[in-house]
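S.K.:
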Amino acid sequence: MSTANPMRYPTLQFCRRTFGTLLLFLAATPTSGDSSFLASAVPQNLNDFYQGLKDRVASCQHSLAGGFYSIDDGTNTTSYCTNDPHRPSIIYLSGGNGTLSNMDVDCDGVQGGSQDDGRCSFGRSPDYQDATAFRDLIQSFKVGISDLNTYVHPYVVFGNSGSKPGWRTFDPTDYGVRPLSVMAVVCPGNKLVYGIWGDTNGDDGDNPMVGEVSIALATACWGKNMTGDSGYDGMDVLYVAFTGEDAVPGKDGADWAAKDYDSFERSIQPLGEKLVQRMRGVAVGRKAISLWAVAGGALAGGLWLAS
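FYI, in mature numbering (1 follows the signal peptide of the UniProt record, and there is no 0) the residues of the sequence shown are -33 to -1, 1 to 274.
#1: Let me make sure I understand the geometry here. Which of Asp40, Ser61, His29, Thr66 has the alpha-carbon closest to that of Arg54?
#2: How should Gly133 be labelled, buried or exposed, when 16 other C-beta atoms within 10 angstroms of its C-beta is the threshold for buried?
#3: Among the candidates Leu184, Arg145, Asp166, Lys218, whose CA atom is the shortest distance from the CA of Met176?
#4: For residue 279 and Val243, what's the separation of their Cα atoms in angstroms?
#5: Using 8 Å as the threshold, is the C-beta distance between Arg102 and Asp84 below it?
#6: Contact between the stretch 68 to 80 and the stretch 32 to 47 is defined here as three or more beta-carbon pairs at a separation below 8 Å; is this criterion met?
#7: What are the boundary residues of the beta strand (DSSP E) that includes Ala32?
#8: Could you say which of Val9, Phe16, Lys21 lies nearest to Asp203 if we only look at CA atoms?
#9: To which residues of the same chain is Ala265 closer than 6 Å at the C-beta, ignoring the five residues directly before and after it?
#10: Gln82 and Asp196: beta carbons closer than 8 Å?
#11: For Thr186 and Asp51, what's the separation of their Cα atoms in angstroms?
#12: Quick one: residues in its chain with C-beta nearer than 7 Å to the C-beta of Pro216, no 5 flanking neighbours on either side, listed in chain order?
#13: Taking the Cβ atom as the reference point for each residue, do Tyr206 and Val144 lie within a distance shorter than 8 Å?
#14: Pick helix, strand or coil for Ile235, following the three-state DSSP scheme.
#15: Report the rounded CA-to-CA distance for Thr140 versus Pro146, giving the unit in angstroms.
#16: Rounded to whole angstroms, what's the CA-CA distance from Tyr161 to Glu179? Just pull it up for me.
#17: Quick one: is Gln11 buried, meaning 16 or more other Cβ sit within 10 Å of its Cβ, or exposed?
#18: On the CB-based measure, 16 or more other CB atoms within 10 Å of its CB, does Asp229 come out buried or exposed?
#19: Pick helix, strand or coil for Ile57, following the three-state DSSP scheme.
#20: Provide the residue span of the beta strand (DSSP E) that contains Lys158, from first to last.
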């Protein structure tokens, strides 16, 4: 039996393309009851930024503070970086040489509720704290919760504090990042999760660490194999914090009293999308570097011809 040539039958070609697009859409559609499916596709501008860091095209544009560990027994090569040291619009983590950060699970804050399946219990998290860094701010909202819930709120542990001699510290608020502001987390496999800056790294361990998130956020990226004592070791997770008051949902801009991750994630997604869209002005991705290279080459060629 002969096979129809799609070039001779444009309607058939259109139907095939439409059907393929529909399959991709259905594959990306969140499935009710499974939070591991509720991760957005990465927008092109953010993906360019992500790939530029991995391809060593951009790396760490401007280091604000370095000497941090993403893996406890690894090297202290991770830095807090920014696009502009004088007027930063974003702060992100970079390990240099094409690496970013890993993802460990933080169980701090409130536990319990319908989402609590024991993966982040006290016994499974070696450094469990019963409160997050911004508990007092959450309580001031008077929205019916006493603190963030690691099973519900996709929070990121960002910034480092401590008083040990020689301990490396970094305070994101010094550069305009506000507590409980929305962050973007890119996981391999074209997965984007909007989180909030909900906790900070302390000096309770041997090294100043980065790359921790709540069990809710970790599950959105990797599924329910993530636990309080089992994270993701790949150094290709991107954490982006946004500066300014417009990155803060505040009391009424998020469903803080949500009972599950899906509900809370949907409540901050519009603000997250707006902040990521704003990154189109951040020239650090592959396309931006390439455009500068083309412009520079054209200028050099023009000067050569003029001479």
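By construction, the Cβ of each residue, glycine as well, lies at the ideal position given by its N, Cα and C atoms. If you're wondering where the values come from, they're calculated on a predicted model, not measured in any experiment.
M.R.: Quick look at the numbers:
#1: Taking the sequence shown and counting its residues from 1, one reaches residue 54 at position 87. If we check each option's Cα against that of Arg54, His29 comes out closest.
#2: The residue given as residue 133 occupies position 166 in the sequence shown. Classification for Gly133: exposed.
#3: Within the sequence shown, residue 176 is the residue found at index 209, counting from 1. Measuring from the Cα of Met176, the nearest candidate turns out to be Asp166.
#4: Absent from the model: residue 279. The displayed extent of the chain is -33 to 274, so no value can be given.
#5: Numbered from its first residue, the sequence shown carries residue 102 at position 135. Numbered from its first residue, the sequence shown carries residue 84 at position 117. It is not a contact, given that the beta carbons lie outside the stated cut-off.
#6: yes
#7: Taking the sequence shown and counting its residues from 1, one reaches residue 32 at position 65. 29 to 35 is the span of the beta strand (DSSP E), which, as asked, contains Ala32.
#8: For the purposes of this step, residue 203 is identified with residue 236 of the sequence shown, where counting begins at 1. Closest by alpha carbon: Lys21.
#9: For the purposes of this step, residue 265 is taken as residue 298 along the sequence shown, with counting starting at 1. Any reading at Ala265 is ruled out, since the residue's pLDDT is 40, under 50, leaving its predicted position unreliable.
#10: Counting from one through the sequence shown, the residue named residue 82 turns up at place 115. Counting from one through the sequence shown, the residue named residue 196 turns up at place 229. Contact flag unset, no.
#11: Position 219 of the sequence shown, counting from 1, holds the residue named residue 186. Position 84 of the sequence shown, counting from 1, holds the residue named residue 51. Whole-angstrom Cα-Cα distance: 32 Å.
#12: Numbered from its first residue, the sequence shown carries residue 216 at position 249. Val149, Ile235, Leu238, listed in sequence order.
#13: Within the sequence shown, the letter at position 239 stands for residue 206. Within the sequence shown, the letter at position 177 stands for residue 144. Cβ distance not < 8 Å, so Tyr206 and Val144 don't count as in contact.
#14: Indexing the sequence shown from 1 puts residue 235 at position 268. The answer is helix: DSSP assigns Ile235 an H, G or I state.
#15: Taking the first residue of the sequence shown as 1, we reach residue 140 at position 173. Taking the first residue of the sequence shown as 1, we reach residue 146 at position 179. When rounded, the distance between both Cα atoms is 8 Å.
#16: Residue mapping note: residue 161 aligns to position 194 of the sequence shown, counting from 1. Residue mapping note: residue 179 aligns to position 212 of the sequence shown, counting from 1. Going from the Cα of Tyr161 to the Cα of Glu179 covers about 14 Å.
#17: Here residue 11 refers to the residue found at position 44 when the sequence shown is read from its first residue. Exposed is the call here.
#18: Position 262 of the sequence shown, counting from 1, holds the residue named residue 229. Classification of Asp229: buried, given that the 10 Å Cβ count is 16 or more.
#19: Start at 1 with the first residue of the sequence shown, and residue 57 comes out as number 90. Note: Ile57 maps to strand in three-state DSSP.
#20: In the sequence shown, counting from the first residue as 1, residue 158 sits at position 191. Segment 158 to 168, the beta strand (DSSP E) holding Lys158.
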